[in-house]
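S.K.: Residue numbers (the UniProt record's numbering): 1 to 698.
(1) Tell me, please, whether the stretch 299 to 309 touches the stretch 105 to 117 by the rule of three or more beta-carbon pairs shorter than 8 Å.
(2) Looking at residue 322 and the ligand GTP, is the gap between the Cβ and the nearest heavy atom below 6 Å?
(3) Residue range of the alpha helix (DSSP H) that residue 227 falls in?
(4) Helix, strand or coil, according to DSSP, for residue 539 in the structure here?
(5) Please list the terminal residues of the continuous beta strand (DSSP E) segment that includes residue 361.
(6) At the level of alpha carbons, what is the spacing between residue 164 and residue 625?
(7) Tell me the rounded alpha-carbon separation between residue 458 and residue 182.
(8) State buried or exposed for residue 623, treating a residue as buried only when at least 16 other CB atoms are found within 10 Å of its CB.
(9) Could you work out which residue in 397, 186, 228 and 202 is closest to residue 195 when comparing CA atoms only?
(10) Measure the alpha-carbon distance for residue 456 versus residue 168 and round it to whole angstroms.
(11) Tell me whether residue 597 is buried or exposed, calling it buried when 16 or more other Cβ atoms sit within 10 Å of its Cβ.
(12) Quick test of your reading: residue 321 and residue 354, contact by CB under 8 Å. State the CB separation rounded to the nearest angstrom.
(13) Identify which residue in 519, 389 and 16 has its Cα closest to the Cα of residue 325.
(14) Determine the DSSP secondary structure at residue 45, reduced to helix, strand or coil.
(15) List the DSSP bridge partners of residue 606.
(16) Ordered along the chain, which non-local residues of its own chain (more than five positions away) have a Cβ less than 8 Å from that of residue 436?
(17) By alpha-carbon positions, which one of 36, 446 and 44 ends up nearest to residue 60?
(18) Excluding the 5 residues flanking residue 343 on each side, which residues of the same chain have their C-beta closer than 6 Å to its C-beta?
(19) What does the Cβ neighbour count give for residue 375, buried or exposed, with the cut at 16 atoms within 10 Å?
(20) Suppose only complete runs of 4+ residues qualify. What are the alpha helix (DSSP H) ranges in the stretch 541 to 566, listed by chain order?
(21) Hey, how far is the Cα of residue 361 from the Cα of residue 145?
(22) Assess contact between the stretch 483 to 490 and the stretch 94 to 109, defined as three or more Cβ pairs (one per stretch) separated by less than 8 Å. Is contact present?
(23) Quick check on the DSSP output: the beta strand (DSSP E) that includes residue 706 runs from which residue to which?
(24) Leaving out five residues before and five after residue 358 in sequence, what residues of the same chain have Cβ atoms less than 8 Å from its Cβ?
(25) Using a Cβ-Cβ cut-off of 8 Å (strictly less than) and excluding sequence neighbours within five positions of residue 219, which residues of its own chain qualify?
(26) How close, in whole Å, do the beta carbons of residue 473 and residue 522 come, if the pair is a contact with beta carbons under 8 Å?
(27) From what residue to what residue does the alpha helix (DSSP H) around residue 383 run?
(28) Out of 43, 199 and 406, which one is the CA nearest neighbour of residue 212?
(29) Following the continuous alpha helix (DSSP H) through residue 286, name the residue where it begins and the one where it ends.
(30) For residue 347 and residue 447, I'd like the C-alpha separation in whole angstroms.
(31) Taking only the alpha-carbon atoms, compute the straight-line gap between residue 584 and residue 602 and give it to the nearest angstrom.
(32) Quick check: what's the CA-CA separation for residue 527 versus residue 51?
(33) So is residue 427 buried or exposed if we call it buried at 16+ other beta carbons inside 10 Å?
(34) Let me confirm a value: residue 573 is counted as buried when at least 16 other C-beta atoms fall within 10 Å, else exposed. Which label applies?
(35) Go ahead and label residue 224 buried or exposed: buried means 16 or more other beta carbons lie within 10 angstroms of its beta carbon, across all protein chains shown.
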């Protein structure tokens, strides 16, 4: 029996799978994409029906050569890249590259968890490459290349600075800028409430004014202190009694198991994890962890928009609940969850869940980093809770009336904890005194309380992911990259976990809104996602979408923008040039922003601007000071804000090196001041790129 070759994306995944399949199999890692559009040229022939030009990625020649040599020596080749569009495209590129050395016995296998059973089952049931998925990914890639390779250089040439205008990241930037504009324009509005304390013997009943003369109060019905005082005086002169006591049972259903977006939101809310960090940790848990006696993937595939769970997994978790918590925590029938947005959800994979619920967080804790444990514990608890009984609360509502005023007090106590046993959430219990209709109550205290409306909050990474998902922008695999890109490019800064647009970000957003309104239009971008789904479902040709996009309006906008950009000299700042009197403008140049005369080149006056460094949500490991991003001779880097007292620095990283998989991709500058990206292990690894790897143009 000859050897069989399995090709996966990462060395960690290869290591796990090799242990399951034994000596008859060779497992090789492609280290992500090996073939793509060329780095230094457009690579799309629009005149020939958007024909792409694919080349081997620089630095991946050796990887591809090793795969070809292993394929020559193997009887069968199994392409086992991730089970999504991008994974399908990677398999398709590798299959095409192998056709010269191996014309048959090339198969596609897919699995949604890295366990021995799942891998062996996949090998027994090989499939073919899904061309429709590949075409959807090709359309996305070419669409992003058209936008990134036309708009970005246009802006960069005009402002002599490396500016980027990716198709999806521009929409995310717009959401953040629009929210900032809402906050700036917000005018607080005053309103008041009237609050009282009633007494029954030694027991107190706090309550809020709910109705006046039988009419329910709306938020702004008590607009000022005068109106509040009138009601307070009216209450002081009234006799009060219990008008109504209502007792009910309220049930709270458990949340659905995680999908990509909800996992990112909850990890952001609970642990402050950026979306990128959440996905990196989830990837590690998926690809395999050494547990001493075995190496196993602890969770299912983490890029999914479906809450569906296999019957086998439901059966296992129901057995676990019965065994560990008892029958009282188990509903009579299994729970099913509907995906909230069926239009955009592809339902290609299961929800994110543990590969075995019997592998409890505590049992694997010794083998995990603190961050891995936090995320695995969260995923495990959410999944177990999703198949448990409702939490049940006893609720009481009491209405107290007097002088035409009705005050209401509500309370609740937990009757049955249900799913809260494993997935605790904040629950405020409030026990009210035992009261009966008609009982007289003493008014102990009454007062008016002033309030003001508040502006909408800035987005966190979690709430931005939620907004993108609700708007139908992007897909599970893209959220983390979108947010990471706009932060790394300096368009958005994080302040106490909140996302705030930088001056440069607002400038880019205003330019794009003016010159390319469709690119930053949320509905248009969401519609493109739906069209890509249609391609995957076989309902649309991929080249048809590209024609509609490019020739529909984009080319016309591009031509017009080139002319209009020549007229834009910068942002007027409301001051005159001290030399010639012409308006001064702010210019976003190659090395940052500066102020110059709008009459340039006739007048060459300019002045520098001291820019505040961008703060990070991390503390200096040496002194505990704030870490900031600074601009240096060789590019941007991370440094301690307490310099020169503390000289701690570290490189600004852009994820794992796609070539060696060990080093981090860091930003550098050439002797001529040109920005590029390279591996931190240089000279041991010579990876270089003009863009950050993986999603630099999205």
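Glycine included, every Cβ here is placed at the ideal spot set by N, Cα and C.
M.R.: Quick look at the numbers:
(1) yes
(2) You won't find the ligand GTP in this model; it holds no ligand whatsoever.
(3) 225 to 236
(4) coil
(5) Looking at the DSSP string, residue 361 is not in any beta strand (DSSP E); the run it does join, the alpha helix (DSSP H), is 361 to 364.
(6) 31 Å
(7) 10 Å
(8) exposed
(9) 228
(10) 23 Å
(11) buried
(12) Going by Cβ atoms, the distance from residue 321 to residue 354 rounds to 13 Å, so no, they are not a contact pair.
(13) 389
(14) strand
(15) 596
(16) 242 and 245
(17) 36
(18) Any reading at residue 343 must be qualified, since the residue scores a pLDDT of 44, below 50, and its modelled position is unreliable; no value is offered.
(19) buried
(20) 542 to 549
(21) 43 Å
(22) no
(23) Outside the shown range of the chain (1 to 698) lies residue 706, about which nothing can therefore be said.
(24) 316 and 320
(25) 191
(26) 6 Å
(27) 370 to 386
(28) 406
(29) 275 to 287
(30) Residue confidence for residue 347 is low, a pLDDT of 48 falling below 50, so the modelled location carries little weight and cannot support an answer.
(31) 13 Å
(32) 23 Å
(33) exposed
(34) exposed
(35) exposed
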